[in-house]
Amino acid sequence: MALNLVYLDDEEDLCSLFAEMFSSDEVKIKTFVDPELAIQEVSSNPPDLIFLDFRLPKVTGDMVALKMNNAIPKVLISGDISPITEYKFLKIFGKPWTVSEVENLILEFKNKK
Amino acid sequence: MDEAQKIAKIGSWSFDVKSGKIDWSKQLFSIFSLDYRGNTPTFEEHINQLYFDDRKMFVSTVQKIIQDGIPYRFRYRKSDFEKTNVWLEAIGSAIKDVEGNVSVLHGTCQDITDLVEAEEKTKMERAKSIHTAKLASLGEMSAGVAHEINNPLAIISGNAALLPKIIGNPEKIENCINAIQKASGRIVKIVNGLRKFSRTSEQSELSKNSLHHIIHEAINMTDSKVKREFVVLSYEHSSEPNVICNEIEIEQVLVNLISNAVDAIKKNDDKWIQIKLFEIGQQVVVQVRDSGKGIPKEVARNLFQPFFTTKAVGEGTGLGLSITKGILDQHGATIEVLNNDPNTCFEIRIKKAE
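Chains as they are written, first to last, in the working numbering: chain A, 17 to 129; chain B, 24 to 377.
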């Protein structure tokens with residue numbers, strides 16, 4: 017069974033890059049630039065792992081995480097030097113992220129599945 | 024008299040236009056390092072004692088007073104082989120005869136080197152304090168700037184990593200290259216803005232500039248800070264007037280005002296900043312209004328004093344608004360907090376360029 021990921025970032029280029037880079041038959045990725053749509057998707061089709069950008073136009077990834085199912089592991093991706101978060105994220109990746117750090121995490125989840 | 028002139032480093036002279044007779048006081052000889060017991064220099068000899076670049080201006084000013092009798096006051100330099108600048112201030116006026124022709128010129132010449140050096144020092148200190156405040160603003164903005172650079176950097180590095188995977192797909196390669204170029208352009212814009220903003224004000228002289236353009240630059244500089252605090256910034260302009268200014272300094276003023284506005288409202292529920300540019304007669308008005316509820320009178324009184332701050336310890340130097348006011352004073356412009364506004368509004372008025 018494929019691993020389902022949700023990626024939220026207000027940068028469209030980063031969304032398409034993430035999908036292009038990590039999508040495969042075994043990894044299905046849905047990307048969103050609008051936090052509300054991402055929250056709705058997670059609520060109706062819970063993924064295995066969620067990637068959230070920290071600085072979004074009107075909210076932070078922290079605020080978005082609080083509105084999503086707490087049981088789903090979440091990774092924060094941020095261009096900030098040291099993002100201050102209240103939410104307990106599984107991991108925090110800085111921008112620019114490296115392919116290997118994201119690949120290794122996806123592989124870890126694929127193996128678990 | 025000689026003693027008084029010696030103390031004041033001031034010499035006096037007179038010139039009878041008809042006879043050509045020139046008289047110098049003892050102190051004037053001393054200013055030009057001449058022995059007062061010798062002959063008084065002729066006009067031509069005196070010109071040769073002046074700094075080469077100032078000679079033409081000196082001669083034309085004297086010719087003008089002989090012709091029109093209009094008094095003068097100007098600064099010039101003495102030629103000095105010891106390579107130290109000796110600054111002099113000349114004041115001269117004319118006495119006319121019954122027919123209205125200039126008959127006698129007389130005036131003073133004062134060694135003002137100490138004054139000029141003090142003025143230069145003050146100018147340098149002022150430029151230094153503006154630059155320090157600017158670096159403080161950059162420091163405050165650095166966290167936001169890092170975010171603004173890291174995003175396009177992620178696009179560049181991600182697409183560079185993607186390229187080997189899509190080598191056989193020209194359409195995807197083209198998309199990749201376009202994304203890299205677009206992201207590189209964003210970084211270039213940020214870095215250029217920082218470079219321009221970091222220049223010392225000495226590197227930019229007074230010139231005719233579009234205030235609309237300067238406001239845009241200031242908005243770009245503060246964009247990351249504004250976004251970071253989820254502040255909605257709007258800008259309206261009814262014209263695009265030019266003003267004579269040092270554009271780097273005026274940008275610094277606007278960056279200070281926007282940055283202060285963000286700090287003042289960042290904890291409010293309603294967060295907005297409106298910038299307006301319009302003209303009233305020969306004046307150009309810039310208003311920076313935020314969603315705050317005004318500034319109490321007792322605070323407004325001290326607002327432009329150095330080191331006065333309402334920010335928490337460690338959050339502000341208190342130099343921002345005093346430097347803002349200092350820069351505007353130098354431009355003959357004014358700044359005030361509008362008392363009759365329901366929100367917090369700083370208004371700048373500056374003369375429109377002809």
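Ideal Cβ positions, reconstructed from N, Cα and C, are used throughout, including at glycine.
**Request:** Report buried or exposed for B:H354, applying the criterion of at least 16 other Cβ atoms within 10 angstroms of its Cβ.
**Result:** buried
**Prompt:** Which chain E residues sit within Cβ distance under 7 Å of B:S180?
**Reply:** The chain labelled as chain E is not found among the protein chains of the depicted structure, namely A and B.
**Asked** At least one CB of chain B closer than 9 Å to the CB of A:V115: is that the case?
**Response** yes
**Contact with chain A by B:A150, beta-carbon distance below 9 Å** = no
**Prompt:** Beta carbon of A:L21, beta carbon of A:K129: below 9 Å?
**Reply:** no
**Request:** Tell me, please, whether the CB atom of B:E240 is closer than 9 Å to any CB atom in chain A?
**Result:** no
**Request:** Measuring only between beta-carbons, confirm whether A:E27 sits less than 9 Å from chain B.
**Result:** yes
**Nearest neighbour of B:A241, chosen from B:G191, B:E272, B:H69 and B:N62 [CA to CA]** = B:E272
**Request:** Over the uninterrupted alpha helix (DSSP H) stretch that includes B:E148, give me the two end residues.
**Result:** T136 to L185
**Request:** Check whether the region 161-175 of chain B touches the region 138-150 of chain B, taking contact to mean three or more Cβ pairs, one atom from each stretch, closer than 8 Å.
**Result:** no
**Request:** Out of B:Q90, B:L111, B:E377 and B:S102, point me to the one whose CA is closest to B:R96's CA.
**Result:** Closest in C-alpha terms to B:R96, from the list B:Q90, B:L111, B:E377 and B:S102, comes B:L111.
**Asked** So, is B:I200 buried or exposed, given that buried needs 16 or more other C-beta atoms within 10 angstroms?
**Response** Residue burial annotation: B:I200 is exposed, with fewer than 16 other C-beta atoms found within 10 angstroms of its C-beta.
**Prompt:** For the candidate residues A:E28, A:I93, A:I55 and A:E119, whose alpha-carbon lies nearest to that of A:L82?
**Reply:** A:I55
**Request:** Would you mind giving the Cβ-Cβ distance between A:D69 and A:G77, rounded to the nearest angstrom? I have them listed as a contact below 8 Å.
**Result:** 6 Å
**Asked** What are the partner residues of B:F301, as DSSP defines its beta bridges?
**Response** B:V308
**Message:** Quick check: the Cα distance between A:K44 and B:I179, rounded to an integer number of angstroms?
**Reply:** Those two C-alpha atoms are separated by around 23 Å.
**Message:** Please report whether the beta-carbon of B:I196 lies at a distance below 9 Å from any beta-carbon of chain A.
**Reply:** no
**Asked** Comparing the C-beta of B:N173 with each C-beta of chain A, is any distance below 9 Å?
**Response** Yes, because at least one Cβ of chain A sits closer than 9 Å to the Cβ of B:N173.
**Item:** Own chain, CB closer than 6 Å to A:S39, minus 5 neighbours either side, in chain order
**Value:** I45
**Message:** Buried or exposed for B:Q90, going by 16 or more other Cβ atoms inside 10 Å?
**Reply:** exposed
**Item:** Option nearest B:K195 by Cα separation, candidates A:Y23, A:P112, A:M17 and A:D29
**Value:** A:D29
**Min CB distance B:I288 to chain A below 9 Å** = no
**Prompt:** How many Å lie between A:F48 and A:I66 at the Cα?
**Reply:** Cα-Cα distance, rounded: 11 Å.
**Prompt:** Is B:H236 buried or exposed, if buried means 16 or more other CB atoms sit within 10 Å of its CB?
**Reply:** exposed
**Request:** Assign A:T114 to one of three DSSP states: helix, strand, or coil.
**Result:** coil
**Message:** Any beta carbon from chain B within less than 9 Å of A:E36's own beta carbon?
**Reply:** yes
**Message:** Give me the chain A residues within the contact set of B:R209, using Cβ-Cβ distance strictly less than 8 Å, ordered along the chain.
**Reply:** Chain A residues near B:R209: none, gap ~10 Å exceeds 8 Å.
**Item:** C-alpha distance - B:G317 paired with B:N362, whole-angstrom precision
**Value:** 8 Å
**Request:** Taking B:G355 as part of the alpha helix (DSSP H), name the residues at either end of that continuous run.
**Result:** B:G355 -> no alpha helix (DSSP H), and no H or E assigned at all.
**Prompt:** Listed in chain order, which residues of the region 250-283 of chain B have Cβ atoms closer than 8 Å to some Cβ of chain A?
**Reply:** K250, R251 and F253
**Request:** With DSSP as the reference, please indicate the residues paired to B:T367 in a beta bridge.
**Result:** B:D313
**Prompt:** In chain order, what residues of the same chain have a beta carbon less than 6 Å from the beta carbon of B:E252, not counting five sequence neighbours either side?
**Reply:** V285 and K289
**Message:** Within 10 Å of its beta-carbon, does B:T347 have 16 or more other beta-carbons around it, so buried, or fewer, so exposed?
**Reply:** The residue in question, B:T347, is buried, as its Cβ has 16 or more Cβ neighbours within 10 Å.
**Message:** Could you give the first and the last residue of the continuous beta strand (DSSP E) run that contains A:K46?
**Reply:** Start and end: V43 to F48.
**Message:** Between A:F109, A:K126, A:E117 and A:F125, which has its C-alpha nearest B:N173's C-alpha?
**Reply:** A:F109
**Request:** Please determine, among B:S345, B:W295 and B:K375, the residue with the shortest C-alpha to C-alpha distance to B:C368.
**Result:** B:W295
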